[in-house]
Amino acid sequence: GYVLGGYTSSGAVGDKTEGSRGGPDYWIVKVDSNGDKQWDRRFGGDGIDTLTDLDQTGDGGYILGGFSGSRVGGDKTEDSRGVFDFWIVKLDAAGMKQWDRRFGGSSSDVLQCLQQTADEGYILGGFSNSGRDGDKTEDSRGEWDYWIVKVDASGAKQWDKRFGGDSNDRMIDVRQTADGGYILGGYSMS
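Here's what the structure looks like:
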């Protein structure tokens with residue numbers, strides 16, 4: 001089958017079984033190999049929660065990633081640190097939430113991509129204009145910089161790195177390489 005992911009502000013109508021909590025929320029739909037809906041789930045808090053990527057995990061569940069400006073409440077267990085933070089949600093194979101984690105600094109941190117890694121953790125990638133505060137260990141160099149965060153299988157942060165020049169650098173994708181490293185791609189105006 002397939003899993004579809006995005007974000008929505010719709011109420012519980014049509015194909016959506018749960019109303020939105022605040023602004024847009026993460027929304028995933030699981031369909032079988034014929035495209036017939038099996039289930040759908042909504043995850044969010046009181047603000048804007050925008051799903052940008054998802055991956056099926058080795059245990060048959062799913063990892064959802066995007067960015068959030070919501071406070072604690074609803075499906076969010078940690079307040080946002082700034083305007084937006086990276087927000088990941090781990091689901092089991094039936095789409096039930098197992099845990100969620102927030103990573104960010106005092107400004108905007110926008111997750112664009114994620115992947116489960118060989119050690120069963122996750123690599124998270126996006127862009128940030130936060131300074132060295134909160135979960136970010138290095139100051140931004142320009143307007144926006146690439147920002148990656150490595151977490152373990154339970155979502156605990158292991159390390160983070162920032163890459164950028166004096167202007168606008170936005171990461172679009174990250175992938176683990178055969179040697180255990182990572183390749184980052186996006187665009188730069190620096």
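Sequential numbering of the sequence shown, starting at 1, is according to our numbering.
Every residue, glycine too, gets a C-beta built ideally from N, C-alpha and C.
As the structure is a prediction and not an experimental result, all values here were calculated from the model.
Kindly list the residues whose CB is nearer than 7 Å to the CB of residue i, restricted to its own chain and excluding five residues on each side of it in sequence; keep chain order.
| i | result |
| --- | --- |
| Glu120 | Gly58, Ala153 |
| Val83 | Gly69, Ser107, Ser108 |
Helix, strand or coil: which one does DSSP assign to residue i?
| i | result |
| --- | --- |
| Val31 | strand |
| Ile48 | coil |
| Asp59 | coil |
Evaluate residue i with the Cβ neighbour count: other Cβ atoms within 10 Å of its Cβ, from every protein chain shown; 16 or more gives buried, anything less gives exposed.
| i | result |
| --- | --- |
| Ile88 | buried |
| Lys76 | buried |
| Ser167 | exposed |
Would you report the Cα separation of residue i and residue j, rounded to the nearest angstrom?
| i | j | result |
| --- | --- | --- |
| Arg81 | Leu184 | 25 Å |
| Arg132 | Asp53 | 25 Å |
| Tyr182 | Arg175 | 6 Å |
| Lys16 | Gly126 | 28 Å |
| Ser9 | Asp25 | 6 Å |
| Lys90 | Tyr122 | 11 Å |
Once the 5 residues before and after residue i are set aside, which same chain residues still bring their CB inside 6 Å of it?
| i | result |
| --- | --- |
| Arg162 | Glu138, Asp145, Trp147 |
| Trp39 | Lys30, Gly95 |
| Arg102 | Glu78, Asp85, Trp87 |
| Ala93 | Gly60, Gly61 |
| Asp160 | Thr137, Val149 |
| Arg42 | Glu18, Asp25, Trp27 |
Contact check, residue i vs residue j under 8 Å by CB: the rounded distance?
| i | j | result |
| --- | --- | --- |
| Asp135 | Gly155 | With 8 Å as the limit, Asp135 and Gly155 do not qualify as a contact, their Cβ atoms being about 12 Å apart. |
| Asp46 | Gly22 | 4 Å |
Between residue i and the rest of its own chain, which residues show a CB-CB distance below 8 Å, the 5 nearest in sequence each way excluded?
| i | result |
| --- | --- |
| Gly164 | Ser140, Arg141, Gly142, Trp144, Asp145, Tyr146, Ser188, Ser190 |
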